[in-house]
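First residue of the sequence shown: 23, per the working numbering; consecutive thereafter.
For each residue, glycine too, the CB sits at the ideal point set by N, CA and C.
Predicted model only: the values in this text are computed from it and were never measured.
Below is one structure, written out as structure tokens; comments come after it.
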Amino acid sequence: MDSIEVIDLDPSEWERYKDLRLHSLREEPQAYLSTYENSGKEPDENGG
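Right, dumping it as structure tokens:
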């Protein structure tokens, strides 16, 4: 079993969270209600 690392991100690190989420959607899509294609199209509300 792989280990799990939990980190606390600051709101300024929204891009890091987005990258992690999109990676996870590609690798384990069955774990999410959303799809990679739909999530990748969402606007960046907290950032750029």
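Collapsing the DSSP output to three states places D41 in a helix. Apart from the 5 residues on each side of it in sequence, T57 sits with its Cβ closer than 8 angstroms to the Cβ of L47 and P51 in its chain, given in chain order. A straight-line Cα-Cα distance of about 16 angstroms links L55 and K40.
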